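Peer 1: I'd like to ask some things about the structure below.
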Amino acid sequence: MGFILRWLAALGLIAATYNPTPWNYTAWVDRTWPDQMPLAVLLGLLLFVGYVIYLRATLRSIGPFGMGLVIAVFAALIWVLVDFGLIRLDNPGANTWLAIFALSLVLGIGLSWSLVRRKLSGQADVDDVDE
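Below, the structure written as structure tokens:
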């Protein structure tokens, strides 16, 4: 359940920043920038803090190679699904949602990986504090 919550939070963070609907931060800022500049800056900084937390944890736990590996596995899965005719890539909105989903998986796995590694190996990370 912990991984699902971390992944859903990552999905929410990325989808709140940008998605193909008009309900996202970038579209809202584009529409309301002159009138809502202070609120837009505040919300942008809050999103930035979320990205810093997720990216820092992901880079520390799986690193750039692990991030690339997760993306490669997801890309291969999409390739297989396209090859079997289960999905099509001619819809730009669906492609955007696939990218959002893939990036949220990378961040969710990155935030959860230390916990998974500790449960699998029984070894704590060096920077773990007693719990």
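What the sequence shown shows, in the numbering used here, is residues 326 to 456, in sequence order.
A virtual CB, placed ideally from N, CA and C, is assigned to each residue, including glycine.
Every value quoted in this text rests on a predicted model; they were computed, and no experiment measured them.
In angstroms, rounded to a whole number, what distance separates the CA positions of tryptophan 438 and valine 354?
Peer 2: Here residue 438 refers to the residue found at position 113 when the sequence shown is read from its first residue. Here residue 354 refers to the residue found at position 29 when the sequence shown is read from its first residue. Tryptophan 438 and valine 354: Cα-Cα distance of roughly 34 Å.
Peer 1: What's the call for leucine 333, buried or exposed, on a 16-neighbour Cβ count within 10 Å?
Peer 2: By one-based count along the sequence shown, residue 333 stands at place 8. When all chains shown are included, leucine 333 counts as exposed.
Peer 1: Report the rounded CA-to-CA distance for glutamine 448 versus phenylalanine 399, giving the unit in angstroms.
Peer 2: Position 123 of the sequence shown, counting from 1, holds the residue named residue 448. Position 74 of the sequence shown, counting from 1, holds the residue named residue 399. When rounded, the distance between both Cα atoms is 28 Å.
Peer 1: Can you find the residues in the same chain that come closer than 8 Å, C-beta to C-beta, to tryptophan 422, ignoring five residues on each side of it along the sequence?
Peer 2: Position 97 of the sequence shown, counted from the start, is the residue given in the question as residue 422. Around tryptophan 422: Asn344 and Pro345.
Peer 1: Using the rule of at least 16 other Cβ atoms within 10 Å of the residue's Cβ for burial, across every protein chain shown, is valine 395 buried or exposed?
Peer 2: On the sequence shown, residue 395 is found 70 positions in, with the first residue counted as 1. Result: buried.
Peer 1: For threonine 383, I'd like the list of residues in its chain whose CB is within less than 7 Å of its CB, leaving aside the five on either flank, ordered along the chain.
Peer 2: Taking the sequence shown and counting its residues from 1, the one referred to as residue 383 is at position 58. Closer than 7 Å at the Cβ level, and outside the excluded window around threonine 383, lie Met392, Val431, Leu432, Gly435 and Leu436.
Peer 1: Applying the criterion that 16 or more other CB atoms from any shown protein chain within 10 Å of the CB defines a buried residue, is leucine 364 buried or exposed?
Peer 2: Your numbering for residue 364 matches position 39 in the sequence shown. Classification of leucine 364: exposed, given that the 10 Å Cβ count is below 16.
Peer 1: What did DSSP end up calling glycine 447 once you bin it into helix, strand or coil?
Peer 2: Here the question's residue 447 lines up with position 122 in the sequence shown. Residue state, collapsed to three classes: coil.
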